[in-house]
Each structure stands twice: as structure tokens, then as C-alpha cells.
Amino acid sequence: MDGEESVYGRVDEYGVQYSPTYMRGVVRYLKTMKPEKVKVISLDAKLNPIDSIEAALKVNDWGENIFSVVDRDYPYPVIKLVVTFPLGENEKMEFSQYVRLKESNIEAELSLPKALMSGRIETLMLEEDSTFERAEAQAVLDMRSAFNTDMDDVMSNNMTVYEYHGNTERLNGLLLYIYCRHEISDSVFYSTFNEFYKDFAKAGNVSDSLMAKSADAYLSTFMVLNDEAENIQFMSFSRDSVLGICHCDYDFFKRAYGISLALSSETFMSESEEYCKLDNEYSSYNGRTFVYDKALGFWRLQTSLEDVIGVCLFRKDSVTVNDGIRYHCEKYSGIWKEEPEE
20 MDGEESVYGR VDEYGVQYSP TYMRGVVRYL KTMKPEKVKV ISLDAKLNPI DSIEAALKVN
80 DWGENIFSVV DRDYPYPVIK LVVTFPLGEN EKMEFSQYVR LKESNIEAEL SLPKALMSGR
140 IETLMLEEDS TFERAEAQAV LDMRSAFNTD MDDVMSNNMT VYEYHGNTER LNGLLLYIYC
200 RHEISDSVFY STFNEFYKDF AKAGNVSDSL MAKSADAYLS TFMVLNDEAE NIQFMSFSRD
260 SVLGICHCDY DFFKRAYGIS LALSSETFMS ESEEYCKLDN EYSSYNGRTF VYDKALGFWR
320 LQTSLEDVIG VCLFRKDSVT VNDGIRYHCE KYSGIWKEEP EE
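Per my numbering, the very first residue in the sequence shown carries number 20; after that it's consecutive.
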């Protein structure tokens, strides 16, 4: 509204009335991330802000964070939504994304993938004169290419981990959080997100060094251990374990490192162990070796000790001495243990 003029309806280039409109949506970030506010920003055709309003935010009966804005006029059919989360005691994390208004606007979804690709959409619209629809479609294709994955992973809101044989799992919608190193801390997560955002916005891809850094962080959370049922596991332990991120997403390492830890029928039928050396100049694990222990049926990273004295295989009993220290790989343990001097 402007002065005494009333806006009875604005239509887009397709003849669809998009404004004034009531808006409602849901914040689809991690369940451990609690939004503080959602801001709705009106834009002009150059994506410059005109004005903004804070949406009403509440938790519904299903535990979802939903937001809504009363009937409001929007001069341009593309708007920006910004969700804010706490970062420590005094700082904030802000994630923004563009939304194309339609005749009905009650199904808006705020998500990390859409926030990450918002910069790419902006670049395509402002520098290549793309429509929002073309820019959004291209940004999704660029995301799939940059992260070498399919749309179900890169754009998924499914925060459930799928576990499979061979100690492996599929991260689904959690994948992008691992790329952004959420398992480390909020500050690392937010700074890594911004690194990916800048890379992707500019050219529609991400650097190999940043991919390797993300994989290093994920791999650093894994360890070999005997679980409560006396089973050998190669498991991740981090603050994201509560989300079900415990086992390996081997496809993630293939995408990030360029390493193939295949779990093929040939691997299962093999009579011996297999080894795969990591060759990635950007990784702090460059030169380290993954081993497929036939008796266990899964790949794992050799420990630093194993890199020196050899692998402790599950069905072998081995003893070795290194630098005057005696180590024992007890059968069915899978872990070297230092033995006291006799």
C-alpha cells in the first residue's frame, strides 16, 4: 500500500496474481537447530531490499518450527526469507534464500540446500539476466554437479539416516551438513557454509580443497572399537551422533576424495583383504590407507599405528615389536594392544 492507494492485486508475467498474499512455511533445518526468528524481505527487480517484516514463529503439534505472515503486498514476485539461529552467547547465524511467490504461498520451506544455492540464483539473475525459474533450475543442476550427487541427496529434507550392510549408511538430507562440518561446532559449520556459499555463487562449483577439508573433518570423527556386543565397529563419534550419523557414507568419501571404497560382489567374494591408498593432495590424510577386512565385511581407515606396524586383522593372531615395544593383535579383537615387558 502507498498513501491512500490500495493494491487490489498484482499479477506476474504469466497473469497469475501473487500479491497481496498470506504466507506460511516451515523451517526444515536440523532438529538440534532452534530458529530464533524468520524475516521476510520485499525486493525490487534487481533483488534490492525494499522493506521487511518479522514472521510469527511457533512450534506446531508435530514439533516443526512454522512461520507465517499476514496478508501483505509485495511489489516484485521474488522475495527473500532469512532465518536466524543462535551462535554461541552473543552471535547469530543467518541463512537466506529466495522464494518465488505464487497464487498460494502456504508451503514455503526454509532449508540449508536452498540457502546455499541462493547466491548462485542471485548471480544468474543479475549477471546473466536469467528469470528466477531458469536460475533456480540451473542452480539445482550446478549443485548436483558440484557435489557429484543426485537431487534426492543434495536437495533432500529427509533427515533420516539409512543403514546398509557393510557398515555403511546413506546420509540423505544430512549430507550437506557433513560437507559444512556441522559435526565439529556451530562456528565451524557457519564459516564452512559461507566458504561453500561464496565458491558456489561465483561459478556454480566448489573447490577440491574445500571438499577434502570437509571429508577430513568427517573422517576424523571415526575410530575402531569393540562395541557393547563385542563387535568390531568403525564408528563416528561427534555431536551429530544423536542424528544417527554413526557409520560411513562411502559415497561421500568417493565424491570428496575421489577414492573408491567399493562394496561390490567381487569384494564380498574375495578371499583376501583389499587396500586402497588415499591420493589427494588437499587432504591431511593423503597417503593413508583404507583396508577392507574380509572377516568384518567393511572398509575402515588404518590407524596411525597400523600404518607403521601393519594391520590388525580380525581373524588373525599376530605379534610384532616396534621401537622395543611389543604389540599383540589378539584374534577377533581387530585392535593392536601394547603388551607389558616380561
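C-beta: ideal position from N, C-alpha, C; glycine also. Keep in mind it's a predicted model, so treat the numbers as computed, not measured.
Remark: C-beta atoms of E73 and K56 approach each other more closely than 8 Å. The three-state reading of DSSP puts M162 in helix, counting H, G and I together. Taking C-beta separations shorter than 7 Å and ignoring five residues to either side along the sequence, the partners of L244 in its chain run Q252 and M254, following chain order. In this structure, Y301 and A231 form a Cβ contact; the two beta carbons are roughly 4 Å apart against a cut-off of 8 Å. By the Cβ test, the segment 64–82 is not in contact with the segment 118–132, since fewer than three Cβ pairs between them sit closer than 8 Å. By the beta-carbon neighbour count (other beta carbons within 10 angstroms, threshold 16), W318 is buried. The segment 203–220 makes no contact with the segment 80–87; the number of CB pairs closer than 8 Å stays below 3. CA-CA distance, E293 to L332, rounds to 12 Å. Rounded to whole angstroms, S233 and K273 show a C-alpha spacing of 13 Å.
Counting only runs that start and end inside the segment 284–347, the beta strand (DSSP E) elements of at least 3 residues fall at 293–296, 308–312, 317–320 and 337–341. Excluding sequence positions up to five before and after S226, its CB lies within less than 7 Å of the CB of D218, all in the same chain and listed in chain order. Here D235 carries a helix assignment [DSSP, helix/strand/coil]. Annotation: T103 is outside any alpha helix (DSSP H); the continuous beta strand (DSSP E) that includes it extends over V97 to L106. Here the C-alpha atom of D259 lies approximately 40 Å from the C-alpha atom of G343. By the neighbour-count criterion, in which 16 or more other beta carbons inside 10 Å mark a residue as buried, K133 falls on the buried side.
V59 is the residue among G44, F241 and V59 whose C-alpha sits nearest the C-alpha of E113. Taking the Cα of W81 as reference, the smallest distance to any Cα among I140, Y196, V45 and F271 is reached at V45. Looking at the DSSP output, S149 bridges to nothing.
For D90, the enclosing beta strand (DSSP E) stretches over residues N84 to R91. M162 has its alpha-carbon roughly 15 Å from the corresponding atom of E152.
Look at T211 here: in three-state DSSP terms it is helix. Less than 8 Å separates the beta-carbon of R307 from that of L297. Burial check for R334: the Cβ neighbour count within 10 Å stays below 16, so the residue is exposed.
Taken through DSSP and simplified to helix, strand or coil, Y27 comes out as coil. For D90, the number of other beta carbons within 10 angstroms of its own is below 16, and it is reported as exposed. Rounded to the nearest whole angstrom, the CA to CA distance from E349 to D336 is 5 Å. One Cα belongs to P359, the other to T339, and the distance between them is close to 13 Å. For S175, the closest C-alpha among the options T187, L195, A165 and E188 is that of L195. DSSP places I197 in the uninterrupted alpha helix (DSSP H) bounded by L194 to Y198.
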